[in-house]
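Colleague: One structure follows; several queries about it will come next.
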Ligand code: NAP
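Shown next as structure tokens:
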């Protein structure tokens, strides 16, 4: 059993997930999940350990049911508890395409990672946390789903991504409503445009849009901006709030005249 509470972060080898893992490692033993970037995941774990924290690296494709189960089982075998789950792993559309040209294979690939995976991870972790709370092993649980401004902003060339993120908003509400009585709190964090590998190919376009006033806070979001909010939600400072959406988007969501 870990002597510290345990946070499981999916897709923690790079980008936003890496920053979340580092931020949470000040309080939690962190599970660094990844799908294919083994070296980067190991580097995140080393960084955590150099800062005095502890990390466990686990490879698992969260789009796959048996691998999700293996991920959760391994955490329980090795660390004995899960206090926090951050559903961060996500992919963009394989290729931007007009709505008329979207094919089913690409649609399914995006929905499997960005929507099926967090739903079933909430289900798995929700059951585990409920049991651990009933046994007195942990006092409360927190689940944070990383969605996107694409949950409400329509990009007609990234349909599957938008639909998955909109669905993830409902997943958050459903599990927040279901798990409140178990003392598990569920939140949605909605990042705006964040500088990571995912946005590398559109960097120049967004540099320009920021200059033109796309966001009231006229700069790129950084992975650490998102990580700080996730760390805040994992504290016990919001005991009468669940199902909340926190925008981390430089004010992008504000309608302006
Ligand atoms: P990123 O730099 O591309 O990193 C994605 C991470 O997810 C990697 O660690 C990757 O692991 C992991 N991953 C992908 N598919 C996986 C799978 N099937 N199983 C396990 N891990 C998987 O992306 P990011 O920008 O940090 O995005 C993180 C989350 O924030 C995503 O949900 C994304 O939709 C959301 N978001 C991003 C932005 C943005 O502007 N960047 C804005 C809003 C929301 P491997 O390296 O091992 O493949």
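In the numbering used here, the protein residues as written are 404 to 660. Glycine is no exception: its CB is placed at the ideal position from the N, C-alpha and C atoms. Being a predicted model, the structure only gives us computed values, none of them experimental.
(1) Skipping 5 residues on each side, what residues in its chain have a beta carbon closer than 6 Å to that of residue 654?
(2) On a CA-only basis, which of 421, 409, 616 is nearest residue 430? Give me that one, please.
(3) Taking the DSSP output, what are the residues bridged to residue 594?
(4) Using the C-alpha atoms, what's the distance from residue 486 back to residue 424?
(5) Apart from the five residues just before and just after residue 570, which ones in its own chain have a Cβ nearer than 7 Å to its Cβ?
(6) Taking 7 Å as the cut-off, is the beta-carbon of residue 628 closer than that to any non-hydrogen atom of the ligand NAP?
(7) Just list the alpha helix (DSSP H) runs in the region 412 to 442, keeping only unbroken ones of 4 residues or longer that don't cross its boundaries, in chain order.
(8) Measuring straight from C-alpha to C-alpha, what distance separates residue 531 and residue 608?
(9) Check residue 488 in the structure and name its three-state DSSP category.
(10) Could you compute how far the alpha carbon of residue 590 sits from the alpha carbon of residue 634?
(11) Can you list, in chain order, the residues of its chain with a C-beta nearer than 6 Å to that of residue 576? Leave out the 5 residues immediately preceding and following it.
Modeller: From the atom records:
(1) As a first step, residue 654 must be located in the chain shown, where it is residue number 251. Closer than 6 Å at Cβ, skipping near neighbours: 618, 619, 620.
(2) For this step, residue 430 is matched to residue 27 along the chain shown. Nearest neighbour of residue 430 by Cα position, chosen from 421, 409, 616, turns out to be 409.
(3) Counted from its first residue, the chain shown places residue 594 at position 191. Residue 594 pairs with 651.
(4) On the chain shown, position 21 is the one that residue 424 refers to. On the chain shown, position 83 is the one that residue 486 refers to. Separation of residue 424 and residue 486 (C-alpha to C-alpha, rounded to the nearest whole angstrom) is 14 Å.
(5) What you label residue 570 is simply residue 167 of the chain shown in a count that begins at 1. Sequence-distant partners of residue 570 (beyond 5 residues in either direction) whose C-beta falls short of 7 Å from its own C-beta, in its chain, are 518.
(6) Mapped onto the chain shown, residue 628 falls at position 225. Remark: the shortest separation between the CB of residue 628 and any heavy atom of the ligand NAP does not fall under 7 Å.
(7) The DSSP assignment places 418 to 427 as complete runs of the alpha helix (DSSP H) inside the region 412 to 442, in order along the chain (cut-off: 4 residues).
(8) One-based indexing of the chain shown puts residue 531 at position 128. One-based indexing of the chain shown puts residue 608 at position 205. Rounded to whole angstroms, residue 531 to residue 608 spans 43 Å at the Cα level.
(9) Taking the first residue of the chain shown as 1, we reach residue 488 at position 85. Residue 488: strand per DSSP, three-state reduction.
(10) Locating residue 590 in the chain shown gives position 187, counting from the first residue. Locating residue 634 in the chain shown gives position 231, counting from the first residue. A straight-line Cα-Cα distance of about 12 Å links residue 590 and residue 634.
(11) Residue mapping note: residue 576 aligns to position 173 of the chain shown, counting from 1. For residue 576, same chain residues with a beta-carbon under 6 Å away, outside a window of 5 residues either side, are 646 in chain order.
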